[in-house]
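Contents: one structure, followed by commentary.
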Amino acid sequence: MALENRILGAETEFGITTPTDPALSPIVSSTHAVVAYAALREAARSRWDFQAESPLKDSRGFDLRRYRSAPVVDPNAMGVANVVLKNGARFYVDHAHPEYATPEVTDPLEAARHDAAGDLVLREATADIAGLFEEGRSVLEDRDPCPPIRIFKNNVDGKGASFGSHENYQYDRALDFEELTAALVPFFVTRQVLIGAGRMGRGQRGEEPGFQISQRADYFEQVVSLETTLNRGIVNTRDEPHANPRRFGRLHTIIGDANRSETATFLKLALTSMVVAAVEDGVDFSDLALADPVGELTAVSYDPTLTHRLELSDGRRLPALAILEEYLSRLTPALPSERRALDTAAELLGQLSRDVLGAADRLDWVAKWAIISRYLERGAPVRDAKLQAVDLQYADVDESRSLYSALVRSGRMRRLFSDEELRDAVESAPGDTRAWLRGLLVERFRPAVVSANWRSVALADPNDPTAEIRVGLGDGPSPAISPADLEGLDLEATLRALADAGLSVEPMG
1 MALENRILGA
11 ETEFGITTPT
21 DPALSPIVSS
31 THAVVAYAAL
41 REAARSRWDF
51 QAESPLKDSR
61 GFDLRRYRSA
71 PVVDPNAMGV
81 ANVVLKNGAR
91 FYVDHAHPEY
101 ATPEVTDPLE
111 AARHDAAGDL
121 VLREATADIA
131 GLFEEGRSVL
141 EDRDPCPPIR
151 IFKNNVDGKG
161 ASFGSHENYQ
171 YDRALDFEEL
181 TAALVPFFVT
191 RQVLIGAGRM
201 GRGQRGEEPG
211 FQISQRADYF
221 EQVVSLETTL
231 NRGIVNTRDE
241 PHANPRRFGR
251 LHTIIGDANR
261 SETATFLKLA
271 LTSMVVAAVE
281 DGVDFSDLAL
291 ADPVGELTAV
301 SYDPTLTHRL
311 ELSDGRRLPA
321 LAILEEYLSR
331 LTPALPSERR
341 ALDTAAELLG
351 QLSRDVLGAA
361 DRLDWVAKWA
371 IISRYLERGA
381 PVRDAKLQAV
391 DLQYADVDES
401 RSLYSALVRS
411 GRMRRLFSDE
421 ELRDAVESAP
431 GDTRAWLRGL
441 LVERFRPAVV
451 SANWRSVALA
461 DPNDPTAEIR
471 VGLGDGPSPA
481 ISPADLEGLD
491 LEATLRALAD
501 AGLSVEPMG
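All letters in the sequence shown, in the order written, are residues 1 to 509 by the UniProt record's numbering.
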């Protein structure tokens, strides 16, 4: 039976450059961006507690742990800066990228709204750095002011590296992960025609000319894998539920593109969540198994005409649109937003089958393809630098530079959310998950916050500043207490109220 109130969310690693100082390490500029955003808003730069994380534990039942991460790290340390925001989200440095992880939600439309709110956070961080540079100020000790940065919501650097846009879906631990994998593989291979971000160049370094649908398709070498940076698998098997591992698993997807289109993000999250639910309900997708999933991944991506026919394990050949139509026919919406997603997806599949460019007002890759096609029709060579620049210009989070934002302003790209709705998502945590409690604790008791992770927040003991108390946040759904119950309470009274509500409030030792 499908899990009720499924927890889901998204994580995006953003590209970053410093045009006036190209040699500056992106690790340094990313750290400046995170710390500046936090410092100028007095946000809680708590240490991130890695103690409960297990990135090498595999959903197939084994553990490749070769090391343990340090339990906590300095929130301002170079390359690992971290801030937990009042909306329950996490803004931090991951390797050489600023990354935004949305708060947990139970509705895919809300997940898409919070993902788009992350773009706003990164846009404000960009403005923060520019302002500090003009003032000659640095937020990092013993570091010069950071020169102005540009931030891009994309997945490739054009030099062979790719960075991730990840989705997360809680599922019932009783679910057979092999069955889930089998159902997801054909879906992940074909869903790119709805959620691809588009890219000029084929191959990891873009060494071959031509346009493709997905930014990530060239970077997958296996059907299933635990790895996220090398030997990537279409289905990632990391088993890190951030909840009770006996009750829940977490599907961690790494195959999606980073979308500017709010519609594409919404469809990505809603349809995938419904596929997981369908497998939990026993729906069979085995007849859609592909003969060569990895090969078909790039074959679909390299075909913006959508005429390629994928070979199935039973010998049939079907286009990606037909396979997706089969998936849609087997999905059952449990939420109004899921019904909306099914209707929108069906409408777009019909549009793509009639006239691909007719979907340019809702899908990122089609919007890019429309722009690039106009250049090509005017005689621009396929290697023209202007065409290569479309990717970056489209993905720029700066509204004054972004091609995506220009399309929105001209009415050629539809939005799902108003500016006010995105601002609200930055300022307010979802009320139906544990995210609101995380956000409340780090906002209201900022000086006392010692560290945090998805499952808990550690605070200084109000009766003994040398001791710490860990507050458990639960498995995902909202705790059995509301913000109104905590209104006006000091830290000691808050901890007592949380304990009375059944949450774990324990000394750390």
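Note that the Cβ used here is the ideal one computed from N, Cα and C, for glycine as well.
Treat the numbers as computed from the prediction; the structure is a model and nothing was measured.
Integer-rounded CB distance, given that residue j should sit under 8 Å from residue i
i	j	result
Ile-372	Leu-348	Wrong, their Cβ atoms sit about 20 Å apart, outside the cutoff.
Phe-211	Trp-48	Incorrect: roughly 39 Å between the Cβ atoms, too far for contact.
Ala-101	Ala-116	That belief does not hold up - the Cβ atoms of Ala-101 and Ala-116 are roughly 14 Å apart, past 8 Å.
Ala-501	Ile-481	4 Å
Thr-494	Leu-486	5 Å
Thr-106	Asn-5	5 Å
Gln-222	Ala-197	With 8 Å as the limit, Gln-222 and Ala-197 do not qualify as a contact, their Cβ atoms being about 22 Å apart.
Length of the line joining the Cα atoms of residue i and residue j
i	j	result
Pro-462	Ala-183	50 Å
Pro-507	Val-442	18 Å
Ala-2	Met-274	9 Å
Val-426	Asp-176	36 Å
Arg-247	Asn-155	33 Å
Val-382	Glu-207	12 Å
Leu-271	Ser-329	12 Å
Arg-496	Ala-458	15 Å
Arg-446	Gly-488	15 Å
Arg-143	Arg-137	10 Å
Ser-405	Ala-38	26 Å
Asp-424	Phe-417	11 Å
His-114	Thr-263	13 Å
Ala-345	Glu-325	9 Å
Glu-134	Ala-23	20 Å
Ala-334	Asp-475	21 Å
Leu-498	Val-283	40 Å
Tyr-67	Ala-81	For Tyr-67, the predicted model reports a pLDDT of 42, less than 50, meaning its position is unreliable; a value from the coordinates is still stated below. About 21 Å.
Gly-9	Ser-29	26 Å
Val-224	Arg-232	8 Å
Arg-41	Tyr-92	15 Å
Glu-240	Glu-104	15 Å
Gly-358	Gly-118	28 Å
Pro-245	Leu-407	44 Å
Thr-298	Ala-174	33 Å
Ala-389	Glu-377	17 Å
Val-356	Ile-213	12 Å
Leu-310	Asn-87	43 Å
Leu-491	Tyr-327	50 Å
Check whether residue i and residue j have beta carbons under 8 Å apart
i	j	result
Val-139	Leu-132	yes
Pro-483	Asp-432	no
Glu-110	Pro-465	no
Pro-98	Ile-16	yes
Pro-108	Phe-266	yes
Asp-396	Glu-280	no
Ala-278	Asp-128	no
Gln-170	Ala-243	yes
Val-193	Ile-234	no
Asp-435	Val-450	According to the sequence displayed, residue 435 carries Ala and not Asp. No, they are not a contact pair.
Ser-456	Gly-472	yes
Val-84	Ala-452	yes
Arg-409	Arg-362	no
Arg-199	Asp-384	no
Selection from the options that minimises the alpha carbon distance to residue i
i	options	result
Gly-411	Ala-367, Ala-389, Ser-165 and Lys-86	Ala-367
Phe-187	Leu-331, Asn-87 and Glu-135	Leu-331
Asp-287	Gly-472, Arg-316, Ala-380 and Gly-196	Arg-316
Leu-312	Arg-362, Gly-358, Val-189 and Arg-238	Val-189
Arg-202	Leu-269, Ile-195, Asp-157 and Val-224	Asp-157
Ala-130	Arg-113, His-32, Ala-174 and Glu-420	His-32
Leu-180	Ala-289, Pro-103, His-114 and Ala-96	Ala-289
Ser-25	Asp-218, Cys-146, Glu-141 and Asp-292	Cys-146
Ile-195	Ala-493, Arg-205 and Ala-217	Ala-217
Asp-364	Glu-377, Val-80, Pro-209 and Gln-393	Gln-393
Val-185	Asn-236, Glu-4 and Arg-205	Asn-236
Thr-12	Arg-438, His-95, Val-408 and Ser-456	His-95
Thr-307	Ser-353, Ser-337, Val-276 and Tyr-327	Ser-353
Tyr-219	Pro-209, Ile-213 and Gln-204	Gln-204
Arg-191	Glu-221, Thr-106 and Glu-296	Glu-296
Glu-178	Val-276, Pro-336, Ile-7 and Asp-355	Val-276
Ser-337	Lys-268, Arg-250 and Arg-374	Lys-268
Min CB distance residue i to chain D below 8 Å
i	result
Ser-286	Structure shown: chain D not included; a single protein chain is present.
field: contact_flag[the stretch 295-308, the stretch 395-411] where n(CB pairs < 8 Å) is 3 or more
entry: no
query: Counting Cβ pairs, one atom from each stretch, are 3 or more of them under 8 Å apart for the stretch 341-361 and the stretch 320-329?
result: yes
The stretch 147-164 in contact with the stretch 248-261 per 3-pair CB rule at 8 Å: Contact check between the stretch 147-164 and the stretch 248-261: three or more CB pairs, one atom from each, fall below 8 Å, which counts as touching.
- prompt: Using 8 Å as the threshold, is the stretch 8-25 in touch with the stretch 145-154, meaning 3 or more CB pairs across them?
  reply: yes
message: Can you confirm whether the stretch 223-243 touches the stretch 331-342 when touching is taken to mean that 3 or more C-beta pairs between the two stretches lie within less than 8 Å?
response: Under the three-pair Cβ rule at 8 Å, the stretch 331-342 does not count as touching the stretch 223-243.
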